[in-house]
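Protein chains: 2
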Amino acid sequence: MIQGWEAIRDEALRRIRTREWSPGETIPNEEDLAREFGCARATVNRALRDLAEAGFLERRRKAGTRVTVLPVRKATLEIPVIRREVEARGAVHSHRVLSANRVVPPPPVASRLNHAAELLLVETLHLADGRPFALETRWLNTAILPPLPDPDRVSLNEWLVGNVPYASGDIEFSAEAADSREAAALGLVEGAALFITERRTFAPDGPITLVRLAHAPGYRLRTEV
Amino acid sequence: MIQGWEAIRDEALRRIRTREWSPGETIPNEEDLAREFGCARATVNRALRDLAEAGFLERRRKAGTRVTVLPVRKATLEIPVIRREVEARGAVHSHRVLSANRVVPPPPVASRLNHAAELLLVETLHLADGRPFALETRWLNTAILPPLPDPDRVSLNEWLVGNVPYASGDIEFSAEAADSREAAALGLVEGAALFITERRTFAPDGPITLVRLAHAPGYRLRTEV
DNA sequence: CAGTGGTCTAGACCACTCC
DNA sequence: GAGTGGTCTAGACCACTGT
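First to last, the protein sequences are chains A and B. With UniProt numbering applied, the first sequence corresponds to residues 1 to 225, in that order. With UniProt numbering applied, the second sequence corresponds to residues 1 to 225, in that order.
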């Protein structure tokens with residue numbers, strides 16, 4: 001008798017990995033497994049649901065549960081606010097607002113936010129122990145935001161996280177060559193490889209913000225599988 | 001009366017976002033919430049567990065459930081095998097093995113795999129519609145692997161996914177400038193910004209493989225939040 | 001030690017979907 | 001229509017941890 005849903009999950013994963021349950025194959029249904037493992041069906045359900053969320057199994061009512069043929073690795077990334085990230089490296093975080101202006105967004109920004117009217121553009125340099133860490137370029141839709149705090153004093157990111165309910169958004173990661181502006185701000189040569197994070201956030205009634213973070217070389221995003 | 005654990009999760013999330021439950025605050029315990037929502041405690045547990053996994057709540061026995069002060073965004077990345085990724089773009093995938101040699105790993109590789117003895121090094125160029133898509137540099141520990149198939153015919157990645165039980169691993173993302181070898185293979189100028197994915201995989205009895213994927217410019221990793 | 005979340009059970013009904 | 005997973009319940013016991 002196997003005890004606990006985690007043990008059942010592990011046993012199921014073992015059978016998948018040893019191909020006792022081979023890719024594409026339908027495994028026994030929950031009731032049969034519950035009988036085999038000597039537990040309630042809900043416990044089997046918990047274990048198999050976990051494996052399905054991890055991408056090892058595919059479950060459909062009536063059709064049953066199958067072993068995924070090519071498991072898509074699902075990695076969970078933790079994306080902390082910058083201050084936390086800097087502090088996690090044992091450094092002191094500070095930031096400097098380079099500019100803050102009302103600007104009509106260029107077409108790429110307008111289309112990504114689905115918003116053509118004027119936005120607030122704030123450029124901020126984040127520092128770790130006084131050295132450039134990342135350049136933040138943030139577009140804000142002040143039309144639907146409450147009055148903003150002074151960005152010199154408060155991190156806009158943290159203020160938004162705490163004060164603006166949001167509905168949805170996405171994040172993209174890419175690599176780009178530093179342009180002259182980025183190179184100057186981060187103290188690099190033009191063309192240096194930058195790790196770029198770009199986040200969009202939308203409220204139910206419109207876009208909230210678009211943020212582009214250009215990270216200085218050496219930045220790594222890491223996750224366990 | 002609120003119906004269904006998802007409705008309860010949504011209601012709890014609403015209270016968090018409207019600061020009805022403010023950051024750092026301890027929310028009512030499961031039993032009280034179950035009474036309020038007119039459902040079983042297990043249903044409340046399901047809803048709150050979901051929010052805790054998403055990073056909105058922190059739960060501890062005896063101490064209760066608190067609203068996270070600075071929610072760490074947890075994004076789930078789907079990391080498909082390269083062939084799938086290429087096909088998802090509507091292109092035809094092919095690959096070309098550039099080299100395959102037994103090599104004593106250089107110190108950075110040896111330390112990352114915790115293995116100093118000879119390894120098999122396979123370099124593969126992945127193509128989308130015949131154009132360079134990514135350069136794969138793979139170190140394999142043949143000492144603990146079953147006999148490998150011919151890498152010209154079979155994608156080593158897919159073969160490993162299907163044939164080697166693994167225990168753990170990690171993935172790192174970064175941006176690096178292309179060296180002359182990478183630039184040549186991918187048809188770029190030296191110094192071009194590459195998006196790098198590096199995966200380590202370990203079996204219980206030793207390292208299995210270290211893979212570095214250098215993606216051609218334009219590559220983006222995207223996830224919804 | 002006591003309060004809270006974590007898990008389990010046995011049974012029930014429902015929702016989806018394949019046939 | 002029937003088989004399977006998805007969810008809910010009411011109650012129970014356990015595991016952790018703050019006091």
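Idealized CB from N, CA, C, for every residue including glycine. From a predicted model like this one, the values you see are computed outputs, not experimental measurements.
Grab me the residues of residue i's own chain with a C-beta within less than 7 Å of its C-beta, minus the 5 sequence neighbours each way, in chain order.
| i | result |
| --- | --- |
| B:R89 | A128 |
| B:S174 | I196 |
| B:V72 | G55 |
| B:K62 | none |
| A:V109 | W139, L210 |
| A:G24 | R66, V67, V69 |
| B:S168 | F202 |
| A:D219 | Reading the sequence as shown, one finds Tyr at residue 219 of chain A and not Asp. F195. |
| A:A12 | A47, L48, L51 |
| B:P204 | A167 |
| A:E182 | L135, L194, A214 |
Identify every residue that forms a DSSP beta bridge with residue i.
| i | result |
| --- | --- |
| B:N101 | B:L121 |
| A:I79 | B:R73 |
| B:L127 | B:S94, B:P132 |
How about residue i and residue j: are their beta carbons less than 7 Å apart?
| i | j | result |
| --- | --- | --- |
| A:E172 | A:E136 | no |
| B:W21 | B:V67 | yes |
| residue 227 of chain A | A:P149 | The question about residue 227 of chain A has no answer, for chain A in this structure spans 1 to 225. |
| A:L210 | A:R112 | yes |
| A:N141 | A:L121 | no |
| A:H126 | A:H95 | yes |
| B:E224 | A:D32 | no |
| B:V81 | A:L70 | yes |
| A:A134 | A:L213 | yes |
| B:P105 | B:L119 | yes |
| B:L77 | A:L48 | no |
| A:A143 | A:L186 | no |
| A:I79 | B:A75 | yes |
Going along the chain, which residues of its own chain have a beta-carbon closer than 8 Å to the beta-carbon of residue i, five neighbours each way excluded?
| i | result |
| --- | --- |
| B:N29 | G64, T65 |
| A:N45 | E30 |
| A:P151 | V97, A100, V122, T124 |
| A:S180 | E190 |
| A:A34 | A40, R41, T43, V44 |
| A:E53 | K74 |
| B:G206 | H115, N141, A143, I144 |
| B:A117 | V104, A143 |
What span of residues does the beta strand (DSSP E) with residue i cover, start to end?
| i | result |
| --- | --- |
| B:A134 | 131 to 140 |
Residue i lies in the alpha helix (DSSP H); which residues open and close that run?
| i | result |
| --- | --- |
| residue 227 of chain B | Any answer about residue 227 of chain B is impossible in this case: the structure gives chain B only from 1 up to 225. |
| A:V161 | 156 to 163 |
With a threshold of 6 Å (Cβ to nearest heavy atom), would residue i be considered close to the ligand HEM?
| i | result |
| --- | --- |
| B:L113 | The ligand HEM is not among the ligands present in this structure, which contains no ligands whatsoever. |
Just to confirm my understanding: we take residue i, look at its own chain, exclude 5 residues before and 5 after, and list those with CB closer than 6 Å. What are they?
| i | result |
| --- | --- |
| A:E123 | L98, S99, T137 |
| B:A177 | G191 |
| A:V161 | none |
| B:T26 | G64, R66 |
| A:W5 | T43, R46, A47 |
| A:E58 | R66, T68 |
| B:S155 | none |
| A:R200 | G169, D170, L210 |
Practice prompt. Kindly provide the ranges of any beta strand (DSSP E) runs that are 3 or more residues long and lie completely inside the UniProt domain "HTH gntR-type" (2 to 70) of chain B, ordered along the chain.
Written response: 57 to 60, 64 to 67
Item to complete: Kindly provide the ranges of any beta strand (DSSP E) runs that are 3 or more residues long and lie completely inside the segment 170 to 224 of chain A, ordered along the chain.
Response: 193 to 203, 206 to 215, 220 to 224
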